[in-house]
Amino acid sequence: MADYITAAEFKTRVNITHSAEDTRIAEHVTAASRMVDTYCGRRFDADGVATARVFHPDDAYCCVIDDALEITAVATDTADDGSYSTTWASTDYEEYPLNGIGINRQGGWPTTEIVAIESRTFPQHRRAAVKVTAKWGWAAVPGDVKEATYLLAHRLYYERDVPSGVVPGSAEYGGTGMRDARSAWRLLDPYRRTAPEIGG
194 MADYITAAEF KTRVNITHSA EDTRIAEHVT AASRMVDTYC GRRFDADGVA
244 TARVFHPDDA YCCVIDDALE ITAVATDTAD DGSYSTTWAS TDYEEYPLNG
294 IGINRQGGWP TTEIVAIESR TFPQHRRAAV KVTAKWGWAA VPGDVKEATY
344 LLAHRLYYER DVPSGVVPGS AEYGGTGMRD ARSAWRLLDP YRRTAPEIGG
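In C-alpha cells form, the structure reads like this:
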C-alpha cells in the first residue's frame, strides 16, 4: 500500500530542513496514510495489473463493488456453481458514479457500482454471484486526501512532544490541537464507505 504524501513533501510543508528524524517522519506519514484508509474504508492507490474479485449483488440490477479504476471483464454465476460462466459485454451494464463524478461533485472517482441494463439481471444466490476483473483503486490520490494525510502526519509528528495537546503557532498551521483531528475527518467524510454486510 502506498503513502499519500512523501516524507520529503511533509518536511517541506512544515519547514523541516534537517535529516535527523527522517525515519520517524516516514513512519508518521505511513501511519497517517493508513489512518486515512481505515477511516474511509478504502485505499487511494492503484493496482498495476487487473485481478478478479467476487461480489454479492445488492439486487437484480445493482452490484456495489470495490473501487475500480478500469474494469476489463464482468461475469456472473447463473448456475450457482462457482463457475461464473456467463460473460457480460460492456453494453450490458453501466458504471457508477456516472462520468467519474463523486458525491463531492469532483471528478476522478473510480467505479463503485455496476448497474445491469438491457435485459441483463444479476443472479440472486447465497454464493457471491458476480465476478469483476479490474485494476482496483484510484487513478490519482484526491487533493482532499493528501491534505488530510498532511494534517494527520503533522499531528502524529508533534504529539509525542506536546503533553498539553497543542502545538505552538507555526507559519503553516498556527496553533494546532493535537487531540482534535476534525479538520482531517471533515476532508475525508465524502470518501467514506460504509462497512459491507457479511453473508450477503
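By the count of my numbering, the sequence shown reaches residue 393 at its end, each step adding exactly one.
Glycine included, each C-beta is placed from N, C-alpha and C at the ideal position.
Cut-off 8 Å between Cβ atoms - residues of its own chain near residue i, not counting five sequence neighbours on either side
i, result
"Thr223", "Asp196"
"Ala200", "Asp215, Ile218, Ala219 and Val222"
"Glu287", "Ile307, Val308 and Ile310"
Nearest residue (CA-CA) to residue i, options the options
i, options, result
"Arg298", "His221, Tyr384 and Tyr286", "Tyr384"
"Gly241", "Glu306, Ile294, Glu202 and Gly330", "Gly330"
"Thr279", "Pro335, Thr205, Tyr286 and Ala268", "Ala268"
"Ile198", "Arg386, Asp274, Ala332 and Ala346", "Ala346"
"Ala253", "Ser276, Ala272, Ala266 and Gln317", "Gln317"
"Pro377", "Ser212, Ile296 and Val229", "This sequence places Ala at residue 377; Pro is not what is there. Measuring from the Cα of Ala377, the nearest candidate turns out to be Val229."
"Phe203", "Thr231, Ser276, Arg320 and Arg348", "Arg348"
"Asn292", "Ala341, Arg236 and Gly301", "Gly301"
"Ser312", "Trp281, Lys339 and Thr231", "Trp281"
Limits of the beta strand (DSSP E) - the one that residue i falls within
i, result
"Phe156", "Residue 156 cannot be examined here, being either before or after the span of the chain that is shown, 194 to 393."
"Val325", "Val323 to Trp329"
Segment limits, alpha helix (DSSP H) that includes residue i
i, result
"Trp378", "Arg375 to Leu381"
"Tyr229", "Residue identity differs from the one stated: residue 229 is Val in this sequence, not Tyr. It spans Asp215 to Cys233 - the alpha helix (DSSP H) in which Val229 sits, taken as one unbroken run."
"Arg348", "Gly336 to Glu352"
"Arg206", "Ala200 to Arg206"
Neighbourhood of residue i by C-beta distance below 7 Å, restricted to the same chain and skipping five residues each side
i, result
"Ala327", "Ala243, Ala261, Glu263, Ile264 and Thr265"
Other residues of its chain near residue i: CB distance less than 6 Å, five sequence neighbours each side excluded
i, result
"Pro303", "Asp260, Ala261, Leu262 and Trp331"
"Ala245", "Lys324 and Thr326"
Quiz item: For the stretch 257-305, which segments carrying the beta strand (DSSP E) assignment without a break, of at least 3 residues, lie completely within its bounds, in sequence order?
Solution: Complete beta strand (DSSP E) runs here, min 3: 279-281 and 286-289.
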